[in-house]
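Only one structure is covered here, and it is reproduced in the block below.
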Amino acid sequence: MPVQSRMPVTPTDLGQAGSGQLVRMRRSLRVLGAHGGEVQGLADVLAGVPDPRDPRGIRHRLPVILGLSAAAVAAGEKSVEEIAAWAAHAPTQVLTALGARVHPVTGQPQAPSVDTMIRVLSAVDSSALARAVGMFAAARARQARGGGRRVVAVDGKTLRGAAGPEGRAPHLLAVAEHGTGVVLAEHEVGAKTNEVTAFAPLLRELHSHDPLDGVVVTADALHTTRAHADLIVTELGAHFVFTVKANTPALSVDCHQATDWTKIPIGHSAEGRAHGRFERRTIQLAQASEAIRARYPHARTVARIRRHVRRTVTTGTGRARVTRTIPSTVTVHVLTSLTLDAVTPADLAGYARGHWTIENKVHWVRDVTFREDASRVRTGPLPRIMTTLRNLIIGLIRLAGHNRIAPTIRRIRHDNALLLAILTLDNPADLHQ
C-alpha cells in the first residue's frame with residue numbers, strides 16, 4: 001500500500017508542540033522510512049533547524065548553508081574555513097539541488113560568501129542540528145535495514161583539539177548501529193556531569209522517533225548500572241548487553257562465581273591475525289545466578305569471554321636479532337537481559353565484539369580521515385557542528401553501499417553526481433516554496 005505524502009515533521013515542530021500534538025508528530029515521523037516507505041529528504045530535515053538570524057535581509061536560507069556544509073564535508077573539507085571556501089565556489093548542480101538563491105539578472109544559483117558561511121555556522125543551535133541529523137539518519141537506516149535482530153552501541157568521545165567556554169574539551173555521547181556504524185543520536189555531556197547522566201536522555205530521545213522495542217543495546221563497563229538496565233528493559237522495551245569490569249567489583253565477583261566455569265563448554269570460538277599478533281576468542285554462557293539477579297533483576301545470562309593472545313616481538317638487529325612470542329590471556333564477563341534460549345553464544349560474542357563498531361567505524365574515521373583530534377575549532381557550537389556533519393556523511397556513505405570512506409571521499413571531490421546521490425539530493429524536491 002503506498003505511503004501518503006505528508007508535511008515534514010521538523011525538530012522545531014517537536015520542540016514547540018504541546019504534549020498531545022507531540023505524540024502525533026512523533027507517531028507520524030515513525031511512519032517515515034518504515035517498510036521502505038517515504039523518508040524525509042535532507043533538505044526537509046535541515047529546514048527544521050531554527051535560523052538564528054533576523055528574518056529581515058536574509059539572502060541565503062539556512063538549509064542551503066547547512067546543506068553546502070554537509071556537501072563540503074563529503075568532499076573532504078576538514079575545517080570551517082575550508083567548508084566556507086568550498087561552499088563559496090560550490091558546483092552549480094549542488095547549489096541548484098539545494099535550492100540556492102537565484103541571481104535576478106543571470107538566473108544562476110548564487111553561493112553564500114565565506115564570511116556568511118562562517119558567521120551563520122557559528123550561531124547555529126548545535127543541539128537542534130544534531131537532533132535533525134539524527135532523525136534523518138535513523139529514518140535512512142530504518143529504510144535500509146535488513147532482517148535479523150537490531151543492535152546499537154552507546155559510546156562517548158572527547159573532541160581533544162576543541163575547547164568549550166570553560167576551556168574544557170567537549171565530550172559527546174553517541175548511539176550508533178552495529179554493522180553500519182550510522183550515528184542515530186548524539187548528546188553533548190555537560191561540563192559538570194559525565195556520560196552516566198547523559199545515557200538516559202540520549203536513549204529516550206532516540207526512542208521518541210525511532211522506537212527501540214526489542215533492540216539490543218550494548219555499552220561499556222562505565223554504563224553497567226542497575227538504573228541503566230532498568231531503563232533499557234522496563235521503559236524502552238529493549239535488551240542490554242553490558243561489560244562487567246573492575247568499576248563494579250561486587251558484580252565482577254558474582255559473575256566469576258556464577259558457576260564453575262571449568263565445567264561449562266565453550267559455546268563459540270573465533271581466531272584472527274592482525275598487527276603482529278594471533279588472537280583466539282572463546283565464550284561460555286551460563287544462567288545468571290541469584291546473587292547477580294539480586295543486584296540486576298533483569299539479568300538473565302552471564303558470559304565469560306576469554307581472549308588468548310600471542311604477540312610476536314622482535315628486538316635487536318643482525319645476529320643479535322631475537323624474535324619472541326609473548327602469550328597473554330584476558331578474561332571479561334558480559335551480562336545481558338537475553339535468556340539462554342533467546343541468544344546463541346556466537347550472537348552474544350558478536351554483540352560484545354561489535355560494540356567497538358562505533359569506535360572503529362565512526363571515531364577512528366573521524367580522527368584519521370577528517371583529523372578531528374587535530375582540529376583546533378574552538379568557537380561556540382562549531383566543534384559539535386563539525387562532528388555532527390562528519391557523522392552524517394560517514395553514515396550516508398555507508399548507507400549508499402560504500403564501506404571505504406576515504407577513497408569514496410576522494411571520488412566525491414570529482415564526481416558531482418556521486419555527491420548528490422550520497423546526500424540524497426539526486427532527485428531534489430522543489431525547495432523554493
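Mapped onto the UniProt record's numbering, the consecutive letters of the sequence shown carry residue numbers 1 to 433.
Glycine included, every Cβ here is placed at the ideal spot set by N, Cα and C.
query                                                                                                                                                                                : result
Can you say whether Val-105 is buried or exposed, counting buried as having 16 or more other CB atoms within 10 angstroms of its CB?                                                 : exposed
State yes or no: is the C-beta of Val-175 within less than 9 Å of the C-beta of Val-217?                                                                                             : yes
Pick out the complete alpha helix (DSSP H) segments inside the UniProt domain "H repeat-associated protein N-terminal" (44-136), 4 residues or longer, and give them in chain order. : 62-74, 80-88, 92-97 and 114-121
Following the continuous beta strand (DSSP E) through Val-313, name the residue where it begins and the one where it ends.                                                           : 301-315
Going by CA-CA distance only, name the one from Ile-118, Arg-131, Ala-88 and Ala-87 that's closest to Ala-47.                                                                        : Arg-131
For Phe-199, does the three-state DSSP call read helix, strand or coil?                                                                                                              : helix
Between which two residues does the beta strand (DSSP E) carrying Phe-177 extend?                                                                                                    : For the sequence presented, residue 177 should be read as Glu rather than Phe. Note, Glu-177: beta strand (DSSP E), 171-177.
What did DSSP end up calling Ala-246 once you bin it into helix, strand or coil?                                                                                                     : coil
Compute the Euclidean distance between the alpha carbons of Ala-90 and Ala-70, then round it to the nearest angstrom.                                                                : 12 Å
Can you list, in chain order, the residues of its chain whose CB lies under 6 Å from that of Leu-425, leaving out five sequence neighbours each side?                                : Ala-97
What are the complete beta strand (DSSP E) segments, minimum 3 residues, inside the region 245-292?                                                                                  : 268-274 and 277-287
Given a threshold of 16 other Cβ atoms within 10 Å of its Cβ, counted over all protein chains shown, does Asp-44 qualify as buried or as exposed?                                    : buried
What residue range is occupied by the uninterrupted beta strand (DSSP E) comprising Ala-185?                                                                                         : 183-189
Cβ of Leu-202 within 9 Å of Cβ of Glu-177?                                                                                                                                           : no
Apart from the five residues just before and just after Gly-395, which ones in its own chain have a Cβ nearer than 8 Å to its Cβ?                                                    : Ala-137, Arg-140, Ala-141, Thr-180, Gly-181, Val-182 and Val-183
Residues in the same chain with beta-carbon distance under 6 Å from Asp-415, minus the five sequence neighbours each way, listed in chain order, please.                             : none
Buried or exposed for Ser-328, please, with buried defined as at least 16 other CB atoms from any protein chain shown within 10 angstroms of its CB.                                 : exposed
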